[in-house]
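Residue numbers (my numbering): -17 to 307. This report refers to the structure that appears directly beneath it.
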Amino acid sequence: MKVVCLPGDGIGPEVMEAAIRVLTPLPIELESHPFGGEAIEKFGDPLPAPTLEACKESTAVLLGAIGLPKYDGAAVRPEQGLISLRGALDVYANLRPSSDGDKVNLLIVRELVGGIYYGRRGRTEDGLVFDTCEYTEPQIERIARRGFELARRRLKKLTAVDKANVLATSRLWRQVIERIKPDYPDVDLEYMLVDNAAMQIARAPEQFDVIVTENMFGDILSDLAAAVTGGLGVAASASLADAGPGIFEPVHGSAPDIAGKGIANPTAMLRSVAMMLEHAFSEEVAARELRQAIDTAIREAPTPDIGGTAGTHEFTDKVIEALSA
Ligand code: NAD
Ligand code: IPM
Ligand code: MN
């Protein structure tokens, strides 16, 4: 029962502190390791071997955020550590829920270890630079089945988002989904092109239940879904493999513009902790109690990004107070 904490860069350590304060009373061992920019400074590598080993041996990985402007243009970037870690743990199913507590309750199921992030990239002798979007049928099938299964436990509506009017990989996604669809007769399936999906999430997000999509579309659409349901400060995620530890992390990044000010909203991080309690520890009750305590803090001690004046520490005090009430 060990959780590996990777605080990372920028506001990462600030929101991680909130997570550690909330987790400390529980019978879970916590261990922190260098990752991202911090690890580049110390070891010249954003994912040093001991950090990766600790993650592989853990029950779950909790990540703050990585990345800093100082690495723009650098040969080694913090983001490479995250891409490598996700690949090494094979956490292909990235669950990104967004809810406004009212009519909007959508779940983006983002494929996380394939597509353009992991395809061939390079530069030819004549100066052509390329990133390649690549998918195999098994890669698509496992994430599409996750999408159907999750929809089955919710409102039974699945929207497969792609760019099948242009991309060969998107057409393969549709073929695979058509092949496995008969296994889920109770789920209502629709296809939607990604440009329209962006517009629909902005104008009528309540129409969606579960969205399944490839890696980069999921990256972009999940920030958009966050924006229409309270912002990046509140959007959590879980990245799951078929076996072994998952990674639980906010959707947001290291927010260099507010780092060090003590005003980062820890909601996204704490909701990721709730997802960890649920998915990695099967502690549904503890997860529910934490979610309720977070909602209390959002009402009573909101941070500036959601219209209040509380700092990260004060918000977390409120969460802890609500938990022990
Ligand atoms: P960002 O998500 O860090 O910030 C976008 C905006 O949202 C900023 O205005 C920021 O202040 C605000 N914001 C984000 N989280 C917040 C919080 N908890 N409370 C209040 N406001 C919050 O995106 P960016 O600025 O494009 O990226 C900064 C760095 O983070 C880049 O290096 C990027 O690669 C990295 N990044 C890392 C992760 C990750 O570690 N999983 C995710 C996204 C981006
Ligand atoms: C995210 C981030 C990452 C991604 C970056 C930092 C590699 O934006 O988790 O959404 O693109 O997956
Ligand atoms: Mn992103």
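Where a beta carbon is used, it is the ideal one built from N, C-alpha and C, also for glycine.
Inter-residue Cα distance where the pair is residue 156 and residue 180 = Distance between the alpha carbons of residue 156 and residue 180 is about 19 Å.
Would you decide whether residue -2 is buried or exposed? Buried here means 16 or more other CB atoms lie within 10 Å of its CB.
-> buried
On a CA-only basis, which of 93, 0, 120, 187 is nearest residue 161? Give me that one, please.
-> 120
What did DSSP end up calling residue -13 once you bin it into helix, strand or coil?
-> Of the three classes helix, strand and coil, the one that applies to residue -13 here is strand, per DSSP.
Nearest to residue 306 by CA position, among -15, 7, 2, is which residue?
-> 7
Contacts around residue -11, its chain only, beta-carbon distance under 6 Å, and the 5 residues preceding and following it disregarded = -5, -2, 46
Residue 226 beta carbon less than 8 Å from that of residue 288 = no
For ligand 1, is there a heavy atom less than 7 Å away from the beta-carbon of residue 229?
-> Outside the cutoff, so no.
Residue 196 Cβ short of 7 Å to ligand 5 heavy atom set | The ligand content of the structure shown is limited to ligand 1, ligand 2 and ligand 3, which means ligand 5 is not among them.
Roughly how many whole angstroms lie between the Cα atoms of residue 146 and residue 53?
-> One alpha carbon belongs to residue 146, the other to residue 53, and they sit about 35 Å apart.
Nearest to residue 189 (by Cα), restricted to the options 231, 15, 171, 240 = 171
Is there contact between the segment 56 to 63 and the segment 27 to 42, where contact requires at least three CB pairs shorter than 8 Å?
-> Contact between the segment 56 to 63 and the segment 27 to 42 is present, because at least three Cβ pairs lie under 8 Å.
First and last residue of the beta strand (DSSP E) that includes residue 46?
-> 42 to 47
At a cut-off of 7 Å, is residue -9 close to ligand 2 when judged by its beta-carbon and the heavy atoms of the ligand?
-> no
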